[in-house]
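Structure record follows, encoded as structure tokens.
Number of protein chains: 2
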Amino acid sequence: MYRIGELAQRYQVKTDTLRFYDKHGLLKPSSRSESGYRIYSEDDAQRLRFILRAKAIGFSLTDISELLSIELDKSNWACADVKGVVDIKLADLEAKIAELNYFKTSLQRLSDACCGGPESAEHCSILEALESNSSAIKCENQTHRHDPSHYTKNCQSKG
Amino acid sequence: MYRIGELAQRYQVKTDTLRFYDKHGLLKPSSRSESGYRIYSEDDAQRLRFILRAKAIGFSLTDISELLSIELDKSNWACADVKGVVDIKLADLEAKIAELNYFKTSLQRLSDACCGGPESAEHCSILEALESNSSAIKCENQTHRHDPSHYTKNCQSKG
DNA sequence: CTTGACCTTAGATTCAACTCCAAGGTTATA
DNA sequence: TATAACCTTGGAGTTGAATCTAAGGTCAAG
Ligand SMILES: [Zn+2]
Ligand SMILES: [Zn+2]
Ligand SMILES: [Zn+2]
Ligand SMILES: [Zn+2]
């Protein structure tokens, strides 16, 4: 039996977080002391471990609520239900990663075209790319010539 | 010269969004009509295009403010400043992608171990992984045997 | 009997980037 | 002149996951 502060310290979370989980139904302490203090049992601690593990894997608290409700009543759920939660998450994640990779490629192209030196940004290829409609990026060493050691290899090859 | 609705329609944004950009200093219309309507010039439209392009590449509005203030006063900034903004974003993005890939791997391992069938979740390997402390995932076809066509190749190989 | 560490609650705040609302003013058309 | 389609403003709401605050109750030690 733990009080909130003990459980928090044991699992490296804030007491605020445990109160938040209580309020939102993820983890209600199984009892209260006479004076109203939350008292967490070993089962509660196990449930907290479940929550923290699921969080570490990338589930949202909403997902975790769903998993916990299945967990509490396993025999009335099928593998399909559980795997469904995971697979939806996986698909979201893949979409998110694809989007970020797209951003990354775009930014990488911008970065490669800029010398990054102390020269005036008047002809900076990054700003020019953002000003213009075209998706082509002009390498700076055409418009804005200086020590080629500044440029990354990607861009040097064109100059 | 465009009124807010025209500009919004031309660039497929909501009028609310343009008002938001005005309020937050990203895009202030260069004039107002007598009755107080926002009037956007061609330069304003160009600035909006800059904002939208930067957004599409993955910059936050805060980043964009910074880029715009450089853009407005290019000669007093260096390529290093501009490239700095891009490279910081790139580093953030890489960290984020790495984190999401870690989540993805974890979820993929969970998903692979579960049959996803209509069988009771009582011995579902996903739930078991979340209950247990170990990071190892037991494939279901050891505890919970049924039509092996359910399993993915990753998991079948162990059964 | 008081200090200090702990606990309680409801409710406000944070971040981003909008999005929506109410209540009212303007303008073009029928 | 009325109707609809615009526009204005300030301010509230959204999502997620906390984090923080204020005002107060509890408990063990000295
Ligand atoms: Zn340069
Ligand atoms: Zn540059
Ligand atoms: Zn199964
Ligand atoms: Zn399963």
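These protein sequence lines are chains H and C, in that order.
Letter by letter, the first sequence follows residues 1 to 159 of the numbering used here.
Letter by letter, the second sequence follows residues 1001 to 1159 of the numbering used here.
Think of the CB as a built atom: it goes at the ideal place given N, C-alpha and C, for glycine as much as any other residue.
Endpoints, beta strand (DSSP E) assigned at residue i
i	result
H:Y40	R38 to Y40
Under 9 Å between C-beta atoms of residue i and residue j
i	j	result
H:L68	H:L26	yes
C:I1126	C:L1110	yes
H:V13	C:L1107	no
C:A1121	H:I39	no
H:G117	C:C1079	yes
H:H123	H:S65	no
Boundaries of the alpha helix (DSSP H) in which residue i is found, first to last residue
i	result
C:C1079	C1079 to A1113
H:Q9	I4 to Y11
C:A1129	S1125 to E1131
C:E1066	L1061 to E1071
C:K1014	Taken as a continuous stretch (DSSP letters only), C:K1014 belongs to no alpha helix (DSSP H), as it is neither H nor E.
Residue i beta carbon near ligand 3 (any heavy atom closer than 8 Å)
i	result
C:G1084	no
H:S60	no
When the options are compared against residue i, the one with the closest alpha-carbon
i	options	result
H:D22	H:Q9, H:D44 and H:M1	H:D44
C:I1137	C:F1050, C:V1082 and C:A1113	C:A1113
C:F1050	H:N141, H:H144 and H:S132	H:S132
H:V82	C:L1100, C:E1119, C:D1063 and C:S1033	C:E1119
C:Y1002	C:L1048, C:N1076 and C:D1073	C:L1048
C:T1015	C:S1030, C:Y1037 and C:D1063	C:Y1037
C:T1017	C:S1030, C:W1077 and C:L1061	C:L1061
H:S41	H:S35, H:Y102, H:L72 and H:E6	H:E6
C:L1072	C:Q1046, C:L1130 and C:T1105	C:Q1046
C:S1030	C:L1090, C:E1128, C:K1104 and C:I1004	C:I1004
C:L1090	H:L130, H:K104, H:R19 and H:C115	H:K104
Residue i Cβ short of 8 Å to ligand 2 heavy atom set
i	result
H:A121	yes
H:H144	yes
H:S125	yes
Near ligand 4: residue i beta-carbon under 8 Å from a heavy atom
i	result
H:C79	yes
C:E1140	yes
Closer than 8 Å: residue i CB and nearest ligand 1 heavy atom
i	result
H:C115	yes
Evaluate contact between the stretch 47-55 of chain H and the stretch 1090-1107 of chain C, counting only Cβ atoms and requiring at least three cross-stretch pairs below 8 Å.
-> no
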